[in-house]
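Residue numbering for the sequence shown follows numbering that gives the first Met the number 0, starting at 0 and increasing by one per position.
Remarks on the structure that follows.
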Amino acid sequence: MTRIPSFMLEHSALPRAEYLERLCFYAGWPNGADKRPFFVLPAEAPEAEVIERTPIAAGERVLLRYPSRFAGHNPALRDALRAATNNQYGYLHVWRHEPGAAARPLVLCVHGFTMAGPARAESMFKIQRLLEYGLDVALHHLPHHWRRSESPPNNPFLRPQDVPLTIEEWVRNIHDLHSARLLLAGMGYGRVGLIGASLGGLTGALYLCAGFAPPLDFVFLVVPAVDLTGYLEPRASLMSFAIDAEVRELTHRALRRIVPTMYPPRFDVERICVVAHEGDRICPVRYARELVERWQVRHYTEVVGGHWVYLDRRVRGRTWYGWLELMGYLRTA
0 MTRIPSFMLE
10 HSALPRAEYL
20 ERLCFYAGWP
30 NGADKRPFFV
40 LPAEAPEAEV
50 IERTPIAAGE
60 RVLLRYPSRF
70 AGHNPALRDA
80 LRAATNNQYG
90 YLHVWRHEPG
100 AAARPLVLCV
110 HGFTMAGPAR
120 AESMFKIQRL
130 LEYGLDVALH
140 HLPHHWRRSE
150 SPPNNPFLRP
160 QDVPLTIEEW
170 VRNIHDLHSA
180 RLLLAGMGYG
190 RVGLIGASLG
200 GLTGALYLCA
210 GFAPPLDFVF
220 LVVPAVDLTG
230 YLEPRASLMS
240 FAIDAEVREL
250 THRALRRIVP
260 TMYPPRFDVE
270 RICVVAHEGD
280 RICPVRYARE
290 LVERWQVRHY
300 TEVVGGHWVY
310 LDRRVRGRTW
320 YGWLELMGYL
330 RTA
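What follows is the structure in structure tokens.
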């Protein structure tokens, strides 16, 4: 798997004993009497404010900002989680036809690593075409992306030098995604389906393990990241101590908390569709195959090519729009 270049990552000064103690918090979950679910979801929608309105041909694009409200599992990391000021807010874009009316089905998009922002989403998810089909569209922004970053384009969402904090940010990600879903429900959207690409695919897969309500109509995962261990292997150049077998073992055990194959899906698998690329080296296809096999997902398609470049783009497009039709999201003659 391709790694994040070390020059893009900060050095960690944590001593070995403290770092291993933090890893053990996740490697041993759940422990003793602590039977809390790992992914915590808010019970109510957050207070949100509309901070932008942009006219579009179909209607308008609005941007909502809301407080994250995620405090963190590990008390030792709560100060660090609060330190990134911009990351304390989530952002939800909504492209809608009629302001104040939400009777249409909506597709909720979740972007990949460093692929945030409305312009990229409009290109990646072909939002204009979805609008032409009569759908409304929304975009969830991952932690430390776009306006959630302290110093764009730097992005500390994945930190091999601080796996415990990375894991906490993934719990925040699922928490904030559910806040977005609750906001959409409050806007009147009863029919919502989710599409996630790359890290957005991992986000969607982990969300399926969390047992959320209100429900989604479907989840469509495109070249999903499933196992981040390759990205988050500890590196001696980034740490203040030597990397040995104990550090690697605890790292791998801790990372299982954010691998969806370690959980059963709490969702109708007949409403899950997965598309993977057989030559993908960024999100290796073997992990997508393992997810499909463990969860017994019948709707699975492989496309010839790598993560970014693939040969027959019509296959993926036909699968996506055919899925929307199967789910009742496209008008039929």
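We put the beta carbon where it would ideally sit given N, CA and C, even for glycine.
Quick caveat, the model's predicted, so the values are computed rather than measured.
If the criterion is Cβ atoms closer than 7 Å, does the pair Arg146 and Tyr188 meet it? What you label residue 146 is simply residue 147 of the sequence shown in a count that begins at 1. What you label residue 188 is simply residue 189 of the sequence shown in a count that begins at 1. Contact flag unset, no.
Identify which residue in His96, Pro117 and Ala79 has its Cα closest to the Cα of Met58. Counting from one through the sequence shown, the residue named residue 58 turns up at place 59. Here the sequence assigns Gly to residue 58, which means Met is not the residue at that position. The candidate whose alpha carbon is nearest that of Gly58 is His96.
Candidates Tyr299, Leu19 and Ser11: closest to Arg317 by CA position: For the purposes of this step, residue 317 is identified with residue 318 of the sequence shown, where counting begins at 1. When only C-alpha atoms are compared, the closest one is Tyr299.
Where does Cys108 sit, in a helix, a strand or coil, going by DSSP? Here the question's residue 108 lines up with position 109 in the sequence shown. Here Cys108 sits in strand by DSSP.
Sequence-distant residues of the same chain with beta carbon closer than 8 Å to Arg334, five excluded per side: Summary: the structure shown does not reach residue 334, with the chain confined to residues 0 through 332, and so no result is reported for it.
Quick one: what's Ala304 bridged to in DSSP? Residue 304 sits at position 305 when you count from the first residue of the sequence shown. First, the residue type needs correcting, since residue 304 is Gly and not Ala in the sequence shown. In DSSP, Gly304 forms a bridge with Tyr309.
Excluding the five sequence neighbours on either side, which residues of its own chain have a C-beta within less than 8 Å of the C-beta of Ala182, listed in chain order? Sequence index remark: in the sequence shown, residue 182 carries index 183 (1-based). Correcting the residue identity first, residue 182 is Leu in this sequence and not Ala. Excluding residues within five positions, the ones whose Cβ falls inside 8 Å are Ala44, Pro45, Ala47, Leu63, Tyr65 and Leu91.
Continuous alpha helix (DSSP H) assignments of at least 4 residues falling wholly in the segment 18–89: 77–82
In whole angstroms, give me the CA-to-CA distance for Ala70 and Arg313. Here residue 70 corresponds to residue number 71 of the sequence shown, with the count starting at 1. Here residue 313 corresponds to residue number 314 of the sequence shown, with the count starting at 1. In a straight line, the C-alpha of Ala70 is about 43 Å away from that of Arg313.
Touch test, the segment 248–261 against the segment 151–167, Cβ-Cβ under 8 Å, three pairs minimum: yes
Helix, strand or coil: which one does DSSP assign to Arg317? Here residue 317 corresponds to residue number 318 of the sequence shown, with the count starting at 1. Of the three classes helix, strand and coil, the one that applies to Arg317 here is helix, per DSSP.
C-alpha gap between Val246 and Ala12, whole angstroms: The sequence position of residue 246 within the sequence shown is 247, counting from 1. The sequence position of residue 12 within the sequence shown is 13, counting from 1. In a straight line, the C-alpha of Val246 is about 15 Å away from that of Ala12.
Is the beta carbon of Thr202 closer than 7 Å to that of Val109? Against the sequence shown, residue 109 aligns to sequence position 110. Against the sequence shown, residue 202 aligns to sequence position 203. Result yes, Cβ atoms of Val109 and Thr202 sit closer than 7 Å.
Integer-rounded CB distance, given that Pro29 should sit under 8 Å from Arg21: As a first step, residue 21 is located in the sequence shown; it is residue number 22 there, counting from the start. As a first step, residue 29 is located in the sequence shown; it is residue number 30 there, counting from the start. That belief does not hold up - the Cβ atoms of Arg21 and Pro29 are roughly 17 Å apart, past 8 Å.
Relative to the C-alpha of Gly116, which candidate in Cys208, Ile126, Leu138 and Glu131 has its C-alpha closest? Position 117 of the sequence shown, counted from the first residue, corresponds to residue 116. The candidate whose alpha carbon is nearest that of Gly116 is Leu138.
With 16 other CB atoms within 10 Å as the buried threshold, where does Ser236 fall? Start at 1 with the first residue of the sequence shown, and residue 236 comes out as number 237. With fewer than 16 Cβ atoms within 10 Å of its Cβ, Ser236 is classed as exposed.
Output the residue ranges of the beta strand (DSSP E) runs that lie fully inside the segment 222–288 and measure 3 residues or longer, sorted by chain position. 271–276
Nearest to Val258 by CA position, among Thr228, Ala102 and Asp279, is which residue? Taking the first residue of the sequence shown as 1, we reach residue 258 at position 259. That would be Thr228, whose Cα lies nearest to the Cα of Val258.
Identify the continuous beta strand (DSSP E) that holds Gly195 and give its terminal residues. Taking the sequence shown and counting its residues from 1, the one referred to as residue 195 is at position 196. Run containing Gly195: Val191 to Ala196, per the beta strand (DSSP E) assignment.
Check each candidate in Arg280, Tyr18 and Leu207 and name the one with the smallest Cα separation from Cys272. Walking along the sequence shown from the start, residue 272 turns up at place 273. Cα-wise, what sits closest to Cys272 is Leu207.
Are His306 and Asp267 touching if we call contact CB-CB under 7 Å? The residue given as residue 306 occupies position 307 in the sequence shown. The residue given as residue 267 occupies position 268 in the sequence shown. Not in contact: His306 and Asp267 (Cβ atoms no closer than 7 Å).
Pull up the CB-CB distance for Ala287 and Val218, whole angstroms please, since I reckon it's below 8 Å. Locating residue 287 in the sequence shown gives position 288, where the first residue counts as 1. Locating residue 218 in the sequence shown gives position 219, where the first residue counts as 1. 14 Å between Cβ atoms; not a contact.
List the endpoints of the continuous beta strand (DSSP E) containing Ala137. Taking the sequence shown and counting its residues from 1, the one referred to as residue 137 is at position 138. Taken as a continuous stretch (DSSP letters only), the beta strand (DSSP E) holding Ala137 covers Asp135 to His139.
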